[in-house]
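The structure appears below as structure tokens.
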Amino acid sequence: MIILGIESSCDDTSVAIVEDGHQIRANIVSSQEKFHAKFSGVVPEIASRRHLEVIHFLVEDALAEAGITFEDVDKIAVTNRPGLVGSLLVGVSAAKGYSYAKGIPLVPVNHLAGHLFSVSLEKKLEYPLLGLLISGGHTVLVKSESPEDIQIIGSTIDDAVGEVYDKIAKYFGLGYPGGPVIDKLAQVGDEKAFSFPRSLLDKKKHLLNFSFSGIKTAVIHQRERFCQSGGSDNLENIAASFQAAVADILLEKVRRAIKETGIKRVAVAGGVSANGYLRERFSQAHDFSSFFPPRSLCMDNGAMIAGVAYYMSSELSAAESITLDAYSRVVERSQFTGRLKN
Ligand code: KG4
Ligand code: ZN
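Our numbering numbers the first residue of the sequence shown as 1441 and each following residue consecutively.
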């Protein structure tokens, strides 16, 4: 079965062709990084406009790269939540148009289900598994029985991890996105120079939830309070100490989730899963097994959307496709758990 996947939830436009859920025949990503860099963050209005400019060309390029035409496409998959609504709507409208005009069924896909599947795309994972989804927009812990059966068991109550990377980088004038720069600086830094707070929240109320606003404030505004004797205040040390605190928090929450669920297989995905230090810390853990996507599939891409759609049981017929809408959130504010919707 050949699925064409469209992803436009944030600032990357991507179209992919995936066969039988795992064979990537094309995965074209058009990054908008350079348009947002000068604002040190994604500007929603610019993002939507750029998606609109390239999306149809990417569809044509992906089909050409896979050596097929729309005649060969069995289904179209599109991210319809969560994300920036203006951005999502570009992908959703394009997908609806192709579905209706070409008579091809349409599969709505939750972006987070796509990220989780990115770990299983090239090498199939066994289920059930725990998922730690860490990106610029989300930080969630999930329990997954199958690619489409995903239960959120913990979320951030404030900032997402990637967002904190980006905000810290913005403060220090390191550009956007912040993750890769901080990752690189940290390689030569001393992670013991600062002892930043590891906020784990109240165990009764927030056993599996995360909070990252405290560490962000500590790094940006109260650094001197956390500097250890002998530690010097340079960017490399700040980056390394920040990452050490983030990894400690993530590992502690994962271990709590393992204790709660008894599941010892952990898939880590989303943009932040590209982080070298985090990969190392997870690989050093011997009490559970961890799996990461190849770096090429960590950031937003259409392949993960087309891949996971292969396992989705619900779809819209071509005639119904025009009813599909886009939604910005995964779960309501103040609600930290729930089944992932498509
Ligand atoms: O999944 P993604 O491409 O988009 C969202 O769905 O948000 O993730 C983007 C995020 C950004 O915050 C970026 O700074 C972060 O992933 N990121 C990293 C690394 N590469 C990207 N964070 C830490 N280390 C990295 N190497
Ligand atoms: Zn993403």
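By construction, the Cβ of each residue, glycine as well, lies at the ideal position given by its N, Cα and C atoms.
Short Cβ contact (9 angstroms threshold) for residue i with residue j
| i | j | result |
| --- | --- | --- |
| LEU1561 | ILE1442 | no |
| ASP1451 | SER1575 | no |
| ILE1597 | HIS1661 | no |
| VAL1694 | LEU1581 | yes |
| LEU1565 | ARG1735 | no |
| GLY1523 | GLY1445 | no |
| ASN1467 | LEU1764 | no |
| TYR1750 | GLY1461 | yes |
| ALA1658 | LYS1583 | no |
| CYS1738 | SER1713 | yes |
| ALA1541 | ASP1623 | no |
| VAL1513 | LEU1503 | yes |
| ALA1707 | GLY1571 | yes |
| TYR1616 | VAL1482 | yes |
| PHE1731 | LEU1569 | yes |
| GLN1668 | LYS1644 | no |
| LEU1675 | GLY1618 | no |
7 angstroms Cβ shell around residue i - same chain, five flanking residues per side excluded
| i | result |
| --- | --- |
| VAL1748 | VAL1549, ALA1553, GLY1554, PHE1557 and PRO1587 |
| PHE1792 | Absent from the model: residue 1792. The displayed extent of the chain is 1441 to 1782, so no value can be given. |
| VAL1530 | SER1448, SER1488, HIS1491, LEU1492 and ILE1495 |
| GLU1755 | LYS1515, PRO1545, LEU1546 and VAL1547 |
| VAL1532 | VAL1518, ASN1520, LEU1764 and ALA1766 |
8 angstroms Cβ shell around residue i - same chain, five flanking residues per side excluded
| i | result |
| --- | --- |
| VAL1686 | VAL1601, VAL1604, PHE1652, ILE1655 and LEU1718 |
| GLU1862 | Residue 1862 lies beyond the residue range present for the chain, which begins at 1441 and ends at 1782; the question has no answer from this structure. |
| SER1768 | ARG1521, PRO1522, GLY1523, LEU1524, VAL1525 and LEU1528 |
| ALA1759 | TYR1540 |
Beta-carbon contacts of residue i that lie in its chain and below 6 angstroms, excluding the five residues immediately before and after
| i | result |
| --- | --- |
| ALA1458 | According to the sequence as given, residue 1458 is Val; it is not Ala. Excluding positions up to five away in sequence, the list reads ILE1443, ILE1464, ALA1743, ALA1746 and GLY1747. |
| SER1774 | Any reading at SER1774 must be qualified, since the residue scores a pLDDT of 49, below 50, and its modelled position is unreliable; no value is offered. |
| SER1454 | GLU1447, VAL1469, ASN1741 and GLY1742 |
| VAL1621 | ALA1609 and LEU1614 |
| SER1471 | ASP1452 |
| GLU1772 | For GLU1772, the predicted model reports a pLDDT of 49, less than 50, meaning its position is unreliable; a value from the coordinates is still stated below. Cβ within range, chain order: n/a, list empty. |
Closer than 9 angstroms to chain C by CB, residue i
| i | result |
| --- | --- |
| PHE1652 | Here chain C cannot be found, since the structure has a single protein chain. |
**Prompt:** What is the chain-ordered set of residues for which the beta carbon lies under 5 angstroms from any non-hydrogen atom of the ligand ZN?
**Reply:** SER1575 and ASP1740
**Asked** Considering only residues of the segment 1505-1560, which uninterrupted alpha helix (DSSP H) runs meet the minimum length of 4 residues and lie entirely inside it, listed in chain order?
**Response** With a minimum length of 4 residues, the continuous alpha helix (DSSP H) runs that stay inside the segment 1505-1560 are 1525-1542 and 1551-1558.
**Asked** Can you list the alpha helix (DSSP H) stretches of 4 or more residues lying completely in the segment 1583-1615, in chain order?
**Response** 1601-1611
**Message:** Would you call the segment 1672-1690 in contact with the segment 1636-1645, where contact means no fewer than 3 C-beta pairs closer than 8 angstroms?
**Reply:** yes
**Message:** So within the segment 1455-1488, which uninterrupted alpha helix (DSSP H) runs reach at least 4 residues, ignoring any that extend past its ends?
**Reply:** 1473-1476
**Message:** My parser needs the alpha helix (DSSP H) runs of 4 or more residues fully inside the segment 1632-1712; what are they?
**Reply:** Fully contained in the segment 1632-1712 are the following alpha helix (DSSP H) runs of length 4 or more, in chain order: 1643-1646, 1653-1661, 1663-1666 and 1675-1701.
**Message:** I'd like the ranges of any beta strand (DSSP E) spanning at least 3 consecutive residues and lying wholly in the segment 1728-1764.
**Reply:** 1729-1731
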